[in-house]
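Colleague: First to last, the sequence lines map onto chains A and B.
Start counting the first sequence at 29; every next residue gets the next number (my numbering).
Start counting the second sequence at 22; every next residue gets the next number (my numbering).
Beta carbons are placed, not taken as given, at the ideal position from N, Cα and C, and that holds for glycine.
Computed from a predicted structure; not experimentally measured.
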Amino acid sequence: EDKVVQSPLSLVVHEGDTVTLNCSYEVTNFRSLLWYKQEKKAPTFLFMLTSSGIEKKSGRLSSILDKKELFSILNITATQTGDSAIYLCGRMNYGGSQGNLIFGKGTKLSVKP
Amino acid sequence: NAGVTQTPKFQVLKTGQSMTLQCAQDMNHEYMSWYRQDPGMGLRLIHYSVGAGITDQGEVPNGYNVSRSTTEDFPLRLLSAAPSQTSVYFCASSPGLSYEQYFGPGTRLTVT
Chain A
29 EDKVVQSPLS LVVHEGDTVT LNCSYEVTNF RSLLWYKQEK KAPTFLFMLT SSGIEKKSGR
89 LSSILDKKEL FSILNITATQ TGDSAIYLCG RMNYGGSQGN LIFGKGTKLS VKP
Chain B
22 NAGVTQTPKF QVLKTGQSMT LQCAQDMNHE YMSWYRQDPG MGLRLIHYSV GAGITDQGEV
82 PNGYNVSRST TEDFPLRLLS AAPSQTSVYF CASSPGLSYE QYFGPGTRLT VT
């Protein structure tokens, strides 16, 4: 079964903390792994990862993919209250159902001042 | 360039009624998809399309129909609404499978 599993499902931290969000997937014809941030409205794109071991970075956020172990992590350093959101991980694959972007349940991050 | 637009923003239906949620994009994207989002469930794929005239089922297609007669539009039809279809619906589009998807603002649907 093509599943995407995110952990933890929710997380409460204080400003300045560093957090690591996890995403594991089960698929054979893997194409890419995507991370999105969702505040009160539509998800907004953060990263797309296709190659193992190459870190993508944007400001305080970074992400890396391990294709051998089938997981990705999203790191946020020096968290701010504006980082409070649901973080969604999704995977796209090749093959018969290509075009099929499947998401996990998300991690709800709350950053307290 | 409006991006991905969805109408209506809010809708209340009675059980058994039918309706169409509209989605349009002006970016000439080939790939479009529909998701529903329920509390604690992330985004679940309903139907998707890799180009005009081509559609396929996602994870939770039952009770929904789609068609893709043009590149720009991808309407989602609820044939006979049920309370289990109460959700927030997002439409998304992408230039292709190697690119990120852009999401519309969502439609909040309540079925009573």
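Name the chain B residues that come within less than 8 Å of A/P142, Cβ to Cβ?
Modeller: Since the displayed chain A opens at 29 and closes at 141, residue 142 of chain A lies outside it and no answer follows.
Colleague: Taking only three categories from DSSP, how would you classify B/S101?
Modeller: coil
Colleague: Assuming B/T5 contacts B/P29 (C-beta within less than 8 Å), just tell me the rounded distance between them.
Modeller: The structure shown does not extend to residue 5 of chain B, since chain B spans only 22 to 133, so no value can be given for it.
Colleague: If we define contact as Cβ-Cβ less than 8 Å, is B/L130 a contact residue for chain A?
Modeller: The Cβ of B/L130 sits no closer than 8 Å to any Cβ of chain A.
Colleague: Nearest-angstrom Cα distance between B/M14 and B/G37?
Modeller: Residue 14 of chain B is absent from the model: chain B starts at 22 and stops at 133.
Colleague: Please tell me whether A/I82 has its Cβ less than 8 Å away from any Cβ of chain C.
Modeller: This model lacks chain C altogether, as its protein chains are A and B.
Colleague: Kindly indicate the opening and closing residues of the beta strand (DSSP E) around A/T129.
Modeller: Looking at the sequence provided, one finds Leu at residue 129 of chain A rather than Thr. No beta strand (DSSP E) contains A/L129, which DSSP labels as neither H nor E.
Colleague: Using a C-beta to C-beta distance shorter than 7 Å, which residues of chain B count as neighbours of A/I130?
Modeller: Ordered by position in chain B, the residues that pass the 7 Å Cβ test against A/I130 are L66 and E80.
Colleague: Could you check the C-alpha separation between A/D111 and A/S138 for me, to the nearest Å?
Modeller: 8 Å
Colleague: According to DSSP, what are the bridge partners of A/S38?
Modeller: A/K136
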